[in-house]
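Here's the structure we're looking at; comments come further down.
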Amino acid sequence: MKSHVLILTQPTDGHATMMIEELQHRGVRVTCYNVADFPGSITTSCTLDQQGQLEGTLEYQGQVIALDTLTSIWWRRPTFYKAPPGYTAGEQNFLELETQRGFLGILESAEVQDTYTLWVSRYHAIRRADLKPLQLTAAQQLGLRIPHTLVTNDPQRVRTFYETSQGRVILKSVARGVIEGNDKSYLYTNEVGPEYIDEHTLERVRVTAHLFQEAVVKAFELRVVIIGQQIFAAEIHSQHTIHGRIDFRRDYPNLTYGAHQLPDDLAQKLFDLVRFFGLQYSSMDLIVTPAGEYVWLELNPNGQFYWLQKEVPQLHLKEAMANLLSQPEEYRL
């Protein structure tokens with residue numbers, strides 16, 4: 001049977017456009033929806049009988065898709081339905097939860113049918129893997145070196161951590177470092193200077209959780225991408241830049257890149273971490289110190305790779321993702 005891939009994402013997602021072109025070039029059928037289109041322009045139904053037979057369908061713009069025909073579902077970056085005006089806040093919340101749970105529940109049923117459908121990756125696995133304190137704990141348990149870390153809203157704990165780290169401390173967001181609004185802004189990793197350790201400034205720590213880490217000296221950084229059974233690593237050279245030394249995202253134009261061969265034992269630990277979270281895709285950030293030691297920083301269970309595909313095309317990330325989506329029985333983790 002011909003492969004059929006369902007991509008769930010926003011209409012402006014360049015990753016989806018790239019992958020649709022690659023899959024169609026291979027003769028793979030591709031359908032792309034945004035989750036927010038349900039229930040407005042998507043109709044879905046699911047029937048489960050007493051014998052355990054499940055029949056699920058999606059209908060969009062006159063096209064009907066039987067769930068048991070899907071080879072894989074790629075959860076890229078969709079948005080969720082927002083209830084329209086005219087309802088109370090409680091009613092809007094109810095409608096949004098019903099819509100989300102219903103749509104996801106029907107789609108995830110495809111995974112347990114006789115005709116197995118691969119998720120890259122399951123929504124709830126992505127959400128769990130996005131918890132940075134859990135990431136760090138799991139990584140350390142699997143034998144990866146991580147920076148000394150403090151997650152807290154206690155000002156005194158921050159002061160003590162700063163002193164024991166000899167003032168070499170960085171602050172990064174616990175969740176996604178983006179403030180949404182009319183003018184979207186990004187929160188980058190920053191050094192914590194002595195001016196932030198006075199009593200008045202430290203009191204601000206109480207308002208929410210903060211993630212502090214020892215500042216690890218870098219020779220260069222790594223972006224590691226795991227796609228099913230395949231692993232890729234790219235060197236990111238940022239230490240020569242003015243703005244990108246602490247967080248390379250501040251200075252993309254001045255970064256330089258190169259492919260990197262990971263030690264086998266390190267690659268195995270990274271695969272183990274992805275398996276721990278039940279993922280089929282993940283991007284990770286590491287530091288390589290001047291002494292050649294690898295320090296694991298964080299995992300993004302649904303991270304971007306299109307930019308890396310352009311900077312280091314010899315990694316063939318696009319082709320690897322197309323392999324996984326269209327031939328999961330061969331390439332899945």
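Positions 1 to 333 (the UniProt record's numbering) are the ones given, in order, by the sequence shown.
The beta-carbon is built from N, C-alpha and C at its ideal position, and this holds for glycine as well.
Check	Outcome
Between the CA atoms of Glu330 and Gln280 - distance to the nearest angstrom	13 Å
Inter-residue Cα distance where the pair is Ser283 and Glu195	34 Å
Contact under 8 Å by Cβ, residue 334 with Leu299	Because the chain in this structure spans residues 1 to 333, residue 334 falls outside the shown range and cannot be described.
Residue from Asp247, Leu255, Ala259 and Phe271 with nearest C-alpha to Gln229	Phe271
Chain D contact for Ala320 (CB, 8 Å cutoff)	Checking the listed chains, one finds no chain D in this structure; it contains a single protein chain.
Spatial distance of Tyr81 from Lys132 (CA atoms)	26 Å
Exposed unless 16 or more other CB atoms sit within 10 angstroms - verdict on Val64	exposed
Three-state secondary structure assigned by DSSP to Arg101	helix
Start-to-end residues for the beta strand (DSSP E) that takes in Gly258	Thr256 to Ala259
Touch test, the segment 307 to 314 against the segment 242 to 262, Cβ-Cβ under 8 Å, three pairs minimum	yes
Identity of the residues DSSP links to Lys172 by a beta bridge	Leu211
DSSP state of Tyr252 mapped onto helix, strand, coil	helix
Leu8 and Arg76 closer than 8 Å at C-beta	yes
DSSP three-state assignment for Tyr306, whether helix, strand or coil	helix
Pair within 8 Å by beta-carbon distance, His4 and Thr44	no
DSSP bridge partner residues for Phe271 (one or two, in chain order)	Note: Phe271 sits in no beta bridge, so no partner.
Beta-carbon contacts of Leu208 that lie in its chain and below 7 Å, excluding the five residues immediately before and after	With the sequence shown as reference, residue 208 is identified as Thr, and Leu is not the correct amino acid for it. Around Thr208: Asn153.
Inter-residue spacing [alpha-carbon to alpha-carbon] between Asp130 and Ile226	16 Å
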